Structure formats: structure tokens, C-alpha cells
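J.: One structure coming up, written as C-alpha cells, with questions to follow.
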């Protein structure tokens, strides 16, 4: 092979290399464009269902990822109070990550006072009971302390890592069965969180099978108790979402373990946090009209401003700002409202 042939082959090789690099860059740019386009242009729904007033209700708020004592948490605490000063509220459900960044060291930890008791002091909510869920940040020091704090606080209630309670309506016409789960030990990756209390995590992970058995038995009991009487609703709460538009996205383990129970026993609503946004999702592949609606309420201390919601085909609507949810349960319907830091309704929907 002479020098001219070698030069020609080198020229062709260089040309192919440049072409490959250019095509790769174009591909990356096109992917980025369409991915961003989907994120920004994904359709959302504003169903605007008719509201039927009732004098027999259960009304509560839902908020998660709140314990920072920052401005957003204080704004939302006031907004919650303003909402409840106009609409009767019976209690509040916390969806986990109750004290940032690293949970608490014990029942006398100042975090309880500074990031909870002193924040939610609006007259309309200062005496409301909170049914708390444990989150991954709560596992970083002493998760048991958040359970024990229930014996100290007049309004903090976390009876165990997972628990259930039945709450009567205002005129005793029906009940709400609230099932609170511990979803943290099912997500093994969080064992490697540098600040994680790995002893507590490992110990609670031993209860995963026990919790699943308890969860199915509890849901099954409520389901069959309601078959003939039709006088109760059952709602499940856990810190980790099943479906989400946030950075942690969908949870394959909860889709595998929790969702089949929700489908089998017609759970209407699952409440969660973890991702710092406010979203409403449902499994679009199920044709059942009574399929579970999934709420992510994780912006109780604000949102990750530079982590915009991701495209998710299961999404119904999302509000990416400081917010909370209000739920009104009636015997025939459940109304769910997403509210912002000014206590303004962003979107709402009805179950039933």
C-alpha cells in the first residue's frame, strides 16, 4: 500500500469519525429537546366535578416532607390554618420526613419543638391531631423516638412503624379506615445513605414480610366488613409513592407489593410524600372505574426548584410549588383538593 492510499484511508476514517460525532451530538440534542418538550407539555386534567354538600363528613389535610422550620413551611402552616378557619378540619395526615435533615435523637430533641410544635400554631389547627408516617429522613437517627413522642405531644400520633385507626364521621354515618405503612425498609438503596441509622433500618427490614401480611389482613378485614354495610372507606398512607413525577419516580417494589392489594380490595386513595411536589396519578393501564388514585404530597417545606416534574404517563395533574392537600370524605364520595401556599385550590377531583 503506497503513501497516497494510506492518506486516502486516513482521510476517510477521519471523515467517518467526524460524521459519527456530529450525528451523536444531533441525537443527544434531539433527545433532550423531545424529553424536555414532554416534560413541559404533558397534558394535565382539571375535571371540575360537581360538589354535593353533606352534613356528615370527615375532613382532613395531607402534607409531607415538612420539618425544616423554613419560610415555605411557615407559609404553608398559615395557609393550612386559613383553610381550616373557613372549613372544618378534623385532623392532619403527615406523609413522612417529619424532621429534617436527620430526624431526631430522642423525645427531648429540640427538632420536635422548633420544626413542628412551634410551626403549626395557627388557632384553627393548633389542637388538631396529626397521624404521622415515618420517612427515610426519620430513620437517620432514632426512628423509635418519633413513635415515643406520641406519649409526650398532645397532637403528634405515630402509634408504631405501621398502624391503623378507624375514624367516625361527624354524624356517625360511616367510618374512615386509615392504614399507615412503613415503606422505608422496602427500598434497600436507602440503607447506603451515609447518615442512615443502618442498625434500625436492618432491624425493621426483618418486619417486611410481617408488615405485608398485616397490610393484606387489615385491608381484607375492612373490605369484607364493608361489603354488606357500605359504611366505610379505606385509605392507605406511606412515605414512598407508588407512582410519582418527582426525581425518585415510580417505586417498582411498591408497584409489585402494594398495588395488587389496592386493585384486589378496591382501595380508593393512596397518600404519600418523598418527592417534593404535589401530584395526582393513576394507573392508566387499568380499566376499572374504581381504581386507586395516588397522591404525592411532599412539598411541605417547599420544592426542589431546579428539579422539575418528570414525564409520567400515569400523571393526572401536578403543582410544583409549596402546597398541601385537603380531603373531604362523605359516605358516597371523596373530594380531594390540591392547595398552594395561599390556600388557593389549584386542582381537585372526586372519587365515587
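In our numbering, the protein residues as written are 4 to 355. Where a beta carbon is used, it is the ideal one built from N, C-alpha and C, also for glycine. If you're wondering where the values come from, they're calculated on a predicted model, not measured in any experiment.
Can you round the beta-carbon distance between residue 204 and residue 194 to whole angstroms, since I take them to be within the 8 Å contact cut?
T.: 5 Å between Cβ atoms; contact.
J.: Can you name the start and end residues of the beta strand (DSSP E) that residue 296 belongs to?
T.: Where residue 296 is concerned, the enclosing beta strand (DSSP E) stretches over 296-300.
J.: Using DSSP's beta-bridge definition, name the partner residues of residue 237.
T.: Residue 237 pairs with 180.
J.: My understanding is that residue 148 touches residue 107, with C-beta atoms under 8 Å, so please give their C-beta distance in whole angstroms.
T.: Right, their Cβ atoms sit about 5 Å apart.
J.: With C-beta atoms as the reference, is residue 76 less than 7 Å away from residue 105?
T.: Cβ distance not < 7 Å, so residue 76 and residue 105 don't count as in contact.
J.: If you compare alpha carbons, which of 172, 50 and 316 is closest to residue 289?
T.: Taking only the C-alpha atoms, the option nearest residue 289 is 316.
J.: Return helix, strand or coil for residue 131, following the three-state DSSP convention.
T.: Of the three classes helix, strand and coil, the one that applies to residue 131 here is coil, per DSSP.
J.: Can you name, in chain order, every residue of its own chain whose Cβ lies under 6 Å from the Cβ of residue 138, other than the five neighbours on each side?
T.: Contacts found: 99, 100 and 242.
J.: What is the rounded straight-line gap between the Cα of residue 339 and the Cα of residue 322?
T.: Using only the alpha carbons, I get a separation of about 14 Å.
J.: Rounded to the nearest angstrom, what separates residue 112 and residue 119 at their Cα positions?
T.: Rounded to the nearest angstrom, the two C-alpha atoms are 11 Å apart.
J.: So what does DSSP say about residue 260, is it helix, strand or coil?
T.: Three-state DSSP puts residue 260 in a helix.
J.: Measuring straight from C-alpha to C-alpha, what distance separates residue 223 and residue 335?
T.: The alpha-carbon atoms of residue 223 and residue 335 are separated by roughly 20 Å.
J.: Alpha carbon to alpha carbon, what distance is there between residue 172 and residue 92?
T.: Residue 92 and residue 172: Cα-Cα distance of roughly 12 Å.
J.: Tell me the DSSP secondary structure of residue 94 in three-state form.
T.: If DSSP states are grouped into helix, strand and coil, residue 94 belongs with the strands.
J.: Is residue 154 near the ligand NAP, in the sense that its beta carbon is under 6 Å from a heavy atom of that ligand?
T.: The ligand NAP is not part of the structure shown, which contains no ligands of any sort.
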